[in-house]
Amino acid sequence: MFMSTDIKLLHLKRSMCLDEGLVIGDMGTQKSGYGGKKTIYKFGSRVNERITDVYNASITDLIQTLDKEDLFLWYMDDGSWHKTRNTMHLYSNMLDDEETEILIESIGSLYGILPRKRKDRKKDGRSFNYLYFPRTLVKAFRPEFKEYAISHELDTMYYKFGGLDYKEAV
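Numbering (the working numbering), first residue to last: -6 to 163.
Here it is as structure tokens:
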């Protein structure tokens, strides 16, 4: 099942599935599970050996095969642009400390710059890993991500790179 509050992003993912020859269902909607007002768009795929292989793979193995497009898609789902500091965060709540270190290394191998691990500490005592992209990494990642979003006509994701009017400080 693929879900998003952003229908344009979900259409991209649906198109990617079709390009891979997957049999997928129609687009549907559901209410937000967090009591929010946003509509969640969704579609599902039929059972497929390749999807089952990914589902059964270790998270470590998947992270080690991460490519730039995978990172762009992850960032669209779980990334944030911080406009006051012009930095980026990539949330990785589902990863433990070891898996987070592997993700750091994978991003480092793609860009030659390592993101930094940070903790998001909740008031109830829970904490989750996320990655802080230092300015040097933002300067490498942002233009490529921007081009990806523009080339796929994902104007709903432009805020994730500071918008079209953003100018990098010299």
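Cβ coordinates follow ideal geometry from the N, Cα and C atoms, glycine included.
Simplified DSSP assignment, three categories, for residue i
{"i": "G101", "result": "helix"}
{"i": "S(-3)", "result": "strand"}
{"i": "Y159", "result": "coil"}
{"i": "R43", "result": "helix"}
{"i": "K24", "result": "strand"}
{"i": "K35", "result": "strand"}
{"i": "S120", "result": "strand"}
{"i": "H145", "result": "coil"}
Beta-ladder partner(s) of residue i, from DSSP
{"i": "H75", "result": "T80"}
{"i": "R109", "result": "Y125"}
{"i": "R135", "result": "DSSP, once it has assigned bridges, lists no residue as partnering R135."}
{"i": "R114", "result": "S120"}
{"i": "I166", "result": "The requested residue 166 does not occur in the structure, where the chain is confined to residues -6 to 163."}
{"i": "I17", "result": "S38"}
Of the listed residues the options, nearest to residue i (C-alpha basis)
{"i": "I56", "options": "G101, Y141 and I33", "result": "G101"}
{"i": "G183", "options": "K153, E161 and A162", "result": "Limits of the chain in this structure are -6 at one end and 163 at the other, which puts residue 183 out of reach."}
{"i": "G105", "options": "Y141, F134, N122 and Y125", "result": "F134"}
{"i": "G14", "options": "R39, K139 and F138", "result": "R39"}
{"i": "F126", "options": "W74, T32 and D158", "result": "W74"}
{"i": "L96", "options": "D113, P136 and D54", "result": "D54"}
{"i": "D113", "options": "Y84, V131, T129 and L130", "result": "Y84"}
{"i": "K62", "options": "G29, S144, Y159 and G21", "result": "Here the sequence assigns Glu to residue 62, which means Lys is not the residue at that position. Considering only alpha carbons, the answer is S144."}
{"i": "Y166", "options": "L124, T32, F36 and Y48", "result": "Residue 166 lies beyond the stretch modelled for the chain, which goes from -6 to 163, so this question has no answer here."}
{"i": "S99", "options": "D70, I52 and K139", "result": "I52"}
{"i": "R111", "options": "N86, T32, L3 and R7", "result": "N86"}
{"i": "K35", "options": "V47, T22 and F138", "result": "T22"}
{"i": "T129", "options": "S8, D12, K30 and A162", "result": "A162"}
{"i": "I17", "options": "K139, G37, L157 and K160", "result": "G37"}
Give a yes or no on contact between the region 78 to 96 and the region 38 to 49, applying the rule of three or more CB pairs nearer than 8 angstroms. no
Report yes or no: do three or more beta-carbon pairs, one from the region -2 to 11 and one from the region 130 to 150, lie closer than 8 angstroms? yes
Taking 8 angstroms as the cut-off, does the region 107 to 122 touch the region 68 to 80 (at least 3 CB pairs, one atom from each stretch)? no
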